[in-house]
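*Asks:*
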Amino acid sequence: MLNCRPSQEKIKLKEEIAHINQIRTSLRKRVPPFPFREFLQCLMCEDDGNCGWIPLMKMYKISKAFNIHVEELKLESLMKRLNILSQDRMVGYKLFVDMINVNDQFPALSKLHDLPPECLTFETTYKAATNDMNRPLKALPTAGIPSWYISHGDLNSETSMRTIISPNIFVQFGLSHRDFFKPHTRDYINELFCKIGVNLPNDIFNELCDIGEQQDNSGGICVETFRNLLDHLATKEFQSSNS
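Going by full-length UniProt numbering, the first residue of the sequence shown is number 1, and it counts up by one from there.
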């Protein structure tokens, strides 16, 4: 809804209505009063087939003779909405005279919504209020996510009060849980674990990396996956030595 602009058709219609109201008001204030009967008779004289329709340009010519000045684009657009102007640019002149006379009822207009059709939704207030909460998180931008999207059952350590008061060694070195789940190359993993004293034969290291890359399916292997594989390997060796 925030990205939805007001209906341009409705804005255009308001401008057209404002223009026709300006014409109606100016004719109502004429002194002496505007001769609607005479104006209608002049239009009827151009109706050769007695069909109630005359060419648009003839209507403009007679209107100008009666000192009725119009903005053609706005007037024609409004007359098309009211079915006063046909596709072949013929005008229903009796309806036109009724339209510019304040003493006659203005023709009925079809309803236009404030928003374009693609932005319209008709639902209960409660459902509209909960729509955003029910949207999948992956469909949302990373910035500006409202607080209700936070999974309160899975708050990470870097957001807890305990971490702020008593930061662990990872926080002190600027690390978070995300750093343990980033995909890395085999060389990076090998160098990292060698620094903490974990030296593996190449065949075992490559075997663990093969398994880890299949598990992560991210084009690399993360630290947490490799650590879990090491724990699993150590457990198997311990069980084998005690059997």
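We put the beta carbon where it would ideally sit given N, CA and C, even for glycine. Every value quoted in this text rests on a predicted model; they were computed, and no experiment measured them.
Can you tell me whether M1 is buried or exposed? The criterion is at least 16 other CB atoms within 10 Å of its CB, across all chains shown.
*Replies:* Its pLDDT being 49, under 50, M1 is placed unreliably in this model, and the value from its coordinates should be taken loosely. Looking at its Cβ environment, which holds fewer than 16 other Cβ atoms inside 10 Å, M1 is exposed.
*Asks:* Measure the C-alpha to C-alpha separation of L229 and Q215 and round it to an integer number of angstroms.
*Replies:* In this structure, the straight-line span from the alpha carbon of L229 to that of Q215 is close to 11 Å.
*Asks:* Nearest-angstrom Cα distance between L75 and C42?
*Replies:* 20 Å
*Asks:* Could you check what DSSP says for S147 in three-state terms: helix, strand or coil?
*Replies:* With a pLDDT of only 46 at S147, under the threshold of 50, the placement of this residue in the model should not be trusted, and no figure is reported.
*Asks:* Going along the chain, which unbroken runs of the alpha helix (DSSP H) with 4 or more residues stay wholly within the region 60-97?
*Replies:* 72-81
*Asks:* Mind checking if F96 is an interface residue toward chain C, Cβ cutoff 8 Å exclusive?
*Replies:* Looking at the structure shown, chain C is missing, and only one protein chain is on hand.
*Asks:* Assuming contact is defined by CB atoms lying nearer than 8 Å, are L27 and I100 in contact in what I supplied?
*Replies:* Closer than 8 Å, so yes.
*Asks:* Return the residue from the list P35, Y60, E207 and N242 that minimises the CA-CA distance to F226.
*Replies:* Measuring from the Cα of F226, the nearest candidate turns out to be E207.
*Asks:* Mind checking V102: buried by the 16 CB within 10 Å criterion, or exposed?
*Replies:* exposed
*Asks:* Applying the 10 Å Cβ sphere with the 16-neighbour rule, what's the burial state of S63?
*Replies:* By the neighbour-count criterion, in which 16 or more other beta carbons inside 10 Å mark a residue as buried, S63 falls on the buried side.
*Asks:* Is F238 buried or exposed, if buried means 16 or more other CB atoms sit within 10 Å of its CB?
*Replies:* exposed
*Asks:* CB E211 to CB P183, shorter than 8 Å?
*Replies:* The sequence given here has Ile at residue 211, not Glu. Not a contact, by the Cβ cut-off of 8 Å.
*Asks:* Please go through the same chain and pick out, in chain order, the residues whose beta-carbon is closer than 8 Å to the beta-carbon of E71, but skip the five residues on each side of it.
*Replies:* H19
*Asks:* Between the alpha carbons of I11 and L73, how many angstroms are there, rounded?
*Replies:* Straight-line Cα distance between these residues: approximately 15 Å.
*Asks:* On the DSSP letters alone, give me the boundaries of the alpha helix (DSSP H) that I23 sits inside.
*Replies:* Q8 to R28
*Asks:* Does the ligand ADP have a heavy atom nearer than 7 Å to the CB of S218?
*Replies:* The ligand ADP is absent from the structure shown, which contains no ligand whatsoever.
*Asks:* From the DSSP secondary-structure annotation, give me the bridge partner or partners of P55.
*Replies:* Per DSSP, M90.
*Asks:* How about K94 and G52: are their beta carbons less than 8 Å apart?
*Replies:* yes
*Asks:* Would you tell me roughly how many angstroms separate the C-alpha atoms of R37 and M44, rounded to the nearest one?
*Replies:* 11 Å
*Asks:* Classify I165 as helix, strand or coil using the three-state DSSP reduction.
*Replies:* helix
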